[in-house]
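In what follows, a single structure is set out as structure tokens and then discussed.
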Amino acid sequence: MFPSVESPASRSDFRVPAPGSRMGRPLLACDELNIALCVPLRGTAGIWGPSSLACAELAVAELNREAGVGGRSCRLLTVNASDDATDIEATLLELVQAGDIDAIIGMHTSAVRQRVLRAVGGQIPIVYTPLYEGGESTRDVFAIGETSARQLQPAIAWLGERKRPRRWFAVGNDYVWPHMSHHLARRYIAEAGATLVGETYIPLGTTDFSAALDAARQSQADAVLVSLIGQDSIEFNRAFGRAGLHRDMLRLSCAIGENELLGIGADNAEELYVASGYFATLDTDANAAFKERYHAQFGQRAPTLNTFGQSTYEGMHFLAALLGVGRRSSAGSGKLGNTPLNYHSARDGRYAGGGITRMPIYLARAEGHEFRVITTLI
Numbered sequence: 001m002f003p004s005v006e007s008p009a010s011r012s013d014f015r016v017p018a019p020g021s022r023m024g025r026p027l028l029a030c031d032e033l034n035i036a037l038c039v040p041l042r043g044t045a046g047i048w049g050p051s052s053l054a055c056a057e058l059a060v061a062e063l064n065r066e067a068g069v070g071g072r073s074c075r076l077l078t079v080n081a082s083d084d085a086t087d088i089e090a091t092l093l094e095l096v097q098a099g100d101i102d103a104i105i106g107m108h109t110s111a112v113r114q115r116v117l118r119a120v121g122g123q124i125p126i127v128y129t130p131l132y133e134g135g136e137s138t139r140d141v142f143a144i145g146e147t148s149a150r151q152l153q154p155a156i157a158w159l160g161e162r163k164r165p166r167r168w169f170a171v172g173n174d175y176v177w178p179h180m181s182h183h184l185a186r187r188y189i190a191e192a193g194a195t196l197v198g199e200t201y202i203p204l205g206t207t208d209f210s211a212a213l214d215a216a217r218q219s220q221a222d223a224v225l226v227s228l229i230g231q232d233s234i235e236f237n238r239a240f241g242r243a244g245l246h247r248d249m250l251r252l253s254c255a256i257g258e259n260e261l262l263g264i265g266a267d268n269a270e271e272l273y274v275a276s277g278y279f280a281t282l283d284t285d286a287n288a289a290f291k292e293r294y295h296a297q298f299g300q301r302a303p304t305l306n307t308f309g310q311s312t313y314e315g316m317h318f319l320a321a322l323l324g325v326g327r328r329s330s331a332g333s334g335k336l337g338n339t340p341l342n343y344h345s346a347r348d349g350r351y352a353g354g355g356i357t358r359m360p361i362y363l364a365r366a367e368g369h370e371f372r373v374i375t376t377l378i
């Protein structure tokens, strides 16, 4: 019987077994592999939660129907990883010190990732699944999602050749991923023969985007790089569409999924492009098989598939492959990830070893309430 995902952990409603009850347990030494699934369940990024939980649950069900991980069944423990979750470090540290989790799957912002790593980085395997800015090198941390460089450089080049924007403006939330993305984008925009003429950063949870829209308008930009997440991205793009700015400016994002597009609305999504490793409409054998299994598990009313949710499915299978190799080779956790791995991935991801993950990057245009993939960038 597949173990169900538990209620979100917090300092107030999650009880941890007595400290030391399983202290010092070797990795994979018990009959059950306990995995903390860290996803945002409220706030700006809370829109990612339902699909992320469902996709991880599907992966665990698949693993447990077979041999689990090294003959051990998997069990998920959900931890709220919203940016406003003040207790995530203490919760994870207590779980790790008590020996009650063997690994972490993280699907949240890079700001939360930095907090998690300061608390428990290097102590147990951590698989970080969504797109991010790149450069993660903490021991036993495996960032398997798209990186800003692989998304932005070919997307900006493609748009530069075909749409010929000469002036770009960038708007993003005020944390590490947007800042690093815009730093890289400045160079890619220059390589495409254009100029980044302005940028602005907005706190998470902003609802009034009039100042950002005014700045974009006053910059006389031809294109806007949108590095906002979740509900902030929805609200900004709604306001952008209502203001009619799509008549003069195209938009490029690396972090708008199908849920955000539904929230933005077809009327506000004209000339909106997204560079990503996964879209629900992706016409590949891997995605067709993934969608069939997903809907067979949860029905047609399942949470909408998107790049964020799919990444937890991939992260679970990556972790199973990672720990399976480590167990067979008798490698210590510090040596995990040195060799290439094959794992189930709806976005055709592959792990080359040494912390290097590759996958195709696609460019899609919003058409109504769906994304139409128009080219494979790399």
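Residue numbering for the sequence shown follows UniProt numbering, beginning at 1 and increasing consecutively.
Even for Gly, the Cβ is constructed at its ideal location relative to N, Cα and C.
1. Use the C-beta contact count for G49: other C-beta atoms within 10 angstroms, 16 or more gives buried, fewer gives exposed.
2. Would you call the CB atoms of T86 and Q231 closer than 9 angstroms?
3. Which residue spans inside the region 213-278 form an unbroken alpha helix (DSSP H) run of at least 4?
4. Evaluate contact between the region 185-192 and the region 128-147, counting only Cβ atoms and requiring at least three cross-stretch pairs below 8 angstroms.
5. Please report the distance separating the alpha-carbon of F308 from that of R217.
6. Should D31 and R72 be called a contact, given that it needs their Cβ atoms to be closer than 9 angstroms?
7. Using the rule of at least 16 other Cβ atoms within 10 Å of the residue's Cβ for burial, across every protein chain shown, is E260 buried or exposed?
8. In angstroms with no decimal places, state the Cα-to-Cα distance between A212 and L252.
9. Who are the near neighbours of R115 in its chain, counting only those whose CB is closer than 6 angstroms to its CB and skipping five residues on each side?
10. Secondary structure at F290, three-state DSSP: helix, strand or coil?
11. Quick check on this structure: which residue in S82, E62, L76 and Q151 has the alpha carbon closest to the alpha carbon of S276?
12. Taking all protein chains shown into account, decide if G257 is buried (16 or more other Cβ within 10 angstroms of its Cβ) or exposed.
13. By DSSP, does N64 sit in helix, in strand, or in coil?
14. What separation, rounded to the nearest whole angstrom, lies between the Cα atoms of I126 and R113?
15. Name the two residues that bound the continuous alpha helix (DSSP H) containing V112.
16. Could you tell me the boundaries of the alpha helix (DSSP H) in which I126 lies?
17. Give the DSSP-derived three-state secondary structure of L323 in the structure shown.
18. Are there 16 or more other CB atoms within 10 angstroms of the CB of H295, so buried, or fewer, so exposed?
19. Does the separation of the CB atoms of A223 and L159 fall below 9 angstroms?
20. Using the three-state DSSP reduction, which class does E314 fall into: helix, strand or coil?
21. Rounded to whole angstroms, what's the CA-CA distance from A170 to G46? Just pull it up for me.
22. Measuring straight from C-alpha to C-alpha, what distance separates P340 and S52?
23. Is the beta carbon of V274 less than 9 angstroms from the beta carbon of L363?
24. Thinking just about the alpha-carbon of each residue, which of V141, A111, T129 and T109 is nearest to the one in V120?
25. May I ask which residues mark the beginning and end of the alpha helix (DSSP H) holding T91?
26. Nearest CA to the CA of G263: which residue from I229, G193, T109 and H179?
27. In three-state DSSP terms, what is R372?
28. Are the region 58-65 and the region 314-321 touching by the rule of at least three beta carbon pairs closer than 8 angstroms?
29. Is G172 buried or exposed, if buried means 16 or more other CB atoms sit within 10 Å of its CB?
30. By Cβ distance below 6 angstroms, which residues in the same chain neighbour D84 in space, the five residues on each side in sequence not counted?
31. What distance in whole Å lies between the Cβ atoms of V197 and R164, which are believed to be in contact at a cut-off of 8 angstroms?
32. Give every residue of the same chain whose Cβ lies closer than 8 angstroms to the Cβ of G353, excluding the five residues on either side of it in the sequence, and list them in chain order.
33. Please state if the CB of T78 and the CB of residue 406 are separated by a distance shorter than 9 angstroms.
34. Hey, quick one: how far does the alpha helix (DSSP H) through E161 stretch, first residue to last?
35. Do L377 and A155 have their C-beta atoms closer together than 9 angstroms?
Reading it off the structure:
1. The residue given as residue 49 occupies position 49 in the sequence shown. It is buried - the Cβ of G49 has at least 16 other Cβ atoms within 10 Å.
2. Taking the first residue of the sequence shown as position 1, residue 86 is located at position 86. Taking the first residue of the sequence shown as position 1, residue 231 is located at position 231. No, Cβ-Cβ distance for T86 and Q231 is not below 9 angstroms.
3. Taken in chain order, the complete alpha helix (DSSP H) segments of 4 residues or longer contained in the region 213-278 are 230-242 and 258-264.
4. The region 185-192 and the region 128-147 do not touch, with fewer than 3 CB-CB distances between them shorter than 8 angstroms.
5. One-based indexing of the sequence shown puts residue 308 at position 308. One-based indexing of the sequence shown puts residue 217 at position 217. Using only the alpha carbons, I get a separation of about 31 angstroms.
6. Position 31 of the sequence shown, counted from the start, is the residue given in the question as residue 31. Position 72 of the sequence shown, counted from the start, is the residue given in the question as residue 72. Closer than 9 angstroms, so yes.
7. The residue you call residue 260 lines up with position 260 of the sequence shown. Result: buried.
8. Looking up residue 212 in the sequence shown gives position 212. Looking up residue 252 in the sequence shown gives position 252. Distance between the alpha carbons of A212 and L252 is about 16 angstroms.
9. Position 115 of the sequence shown, counting from 1, holds the residue named residue 115. Correct list, in chain order: E89.
10. Your numbering for residue 290 matches position 290 in the sequence shown. DSSP places F290 in helix when its eight states are reduced to three.
11. The residue given as residue 276 occupies position 276 in the sequence shown. Of the listed residues, the one whose Cα sits closest to S276 is Q151.
12. For the purposes of this step, residue 257 is taken as the residue at position 257 of the sequence shown. Buried, by the Cβ-count rule.
13. As a position in the sequence shown, residue 64 is number 64, starting the count at 1. Correct three-state label for N64: helix.
14. Locating residue 126 in the sequence shown gives position 126, where the first residue counts as 1. Locating residue 113 in the sequence shown gives position 113, where the first residue counts as 1. Taking the straight line from one Cα to the other gives about 10 angstroms.
15. One-based indexing of the sequence shown puts residue 112 at position 112. It spans S110 to V120 - the alpha helix (DSSP H) in which V112 sits, taken as one unbroken run.
16. Here residue 126 is taken as the residue at index 126 of the sequence shown, counted from 1. No alpha helix (DSSP H) holds I126; the beta strand (DSSP E) holding it covers I126 to Y128.
17. For the purposes of this step, residue 323 is identified with residue 323 of the sequence shown, where counting begins at 1. Note: L323 maps to helix in three-state DSSP.
18. For the purposes of this step, residue 295 is identified with residue 295 of the sequence shown, where counting begins at 1. Label assigned to H295: exposed.
19. Sequence index remark: in the sequence shown, residue 223 carries index 223 (1-based). Sequence index remark: in the sequence shown, residue 159 carries index 159 (1-based). Cβ atoms of A223 and L159: closer than 9 angstroms.
20. If you number the sequence shown from 1, residue 314 lands on position 314. Reduced to three states, the DSSP call for E314 is helix.
21. As a first step, residue 170 must be located in the sequence shown, where it is residue number 170. As a first step, residue 46 must be located in the sequence shown, where it is residue number 46. Separation of A170 and G46 (C-alpha to C-alpha, rounded to the nearest whole angstrom) is 24 angstroms.
22. Looking up residue 340 in the sequence shown gives position 340. Looking up residue 52 in the sequence shown gives position 52. Going by the C-alpha atoms only, they are around 25 angstroms apart.
23. Your numbering for residue 274 matches position 274 in the sequence shown. Your numbering for residue 363 matches position 363 in the sequence shown. Yes. Within cutoff.
24. Residue mapping note: residue 120 aligns to position 120 of the sequence shown, counting from 1. Considering only alpha carbons, the answer is V141.
25. Reading the sequence shown from its first residue, position 91 is the one you call residue 91. Taken as a continuous stretch (DSSP letters only), the alpha helix (DSSP H) holding T91 covers I88 to Q97.
26. As a working note, residue 263 is residue 263 in the sequence shown. Per the Cα distances, I229.
27. As a position in the sequence shown, residue 372 is number 372, starting the count at 1. R372 falls in the strand class under three-state DSSP.
28. Look at the beta carbons and you see the region 58-65 touching the region 314-321: at least three pairs across the two are nearer than 8 angstroms.
29. In the sequence shown, the residue the question calls residue 172 occupies position 172. Under this definition G172 is a buried residue.
30. Taking the sequence shown and counting its residues from 1, the one referred to as residue 84 is at position 84. So the list reads G43, once near-sequence residues are dropped.
31. By one-based count along the sequence shown, residue 164 stands at place 164. By one-based count along the sequence shown, residue 197 stands at place 197. 15 angstroms between Cβ atoms; not a contact.
32. Taking the first residue of the sequence shown as 1, we reach residue 353 at position 353. Counting only Cβ-Cβ distances below 8 angstroms, and skipping sequence neighbours, we find G337, N338, T339, P340 and L341.
33. Residue 406 lies beyond the residue range present for the chain, which begins at 1 and ends at 378; the question has no answer from this structure.
34. Working through the sequence shown from its first residue, we reach residue 161 at position 161. Residues S148 to R162.
35. Along the sequence shown, read from residue 1 onward, the residue named residue 377 stands at position 377. Along the sequence shown, read from residue 1 onward, the residue named residue 155 stands at position 155. In contact: L377 and A155 (Cβ atoms closer than 9 angstroms).
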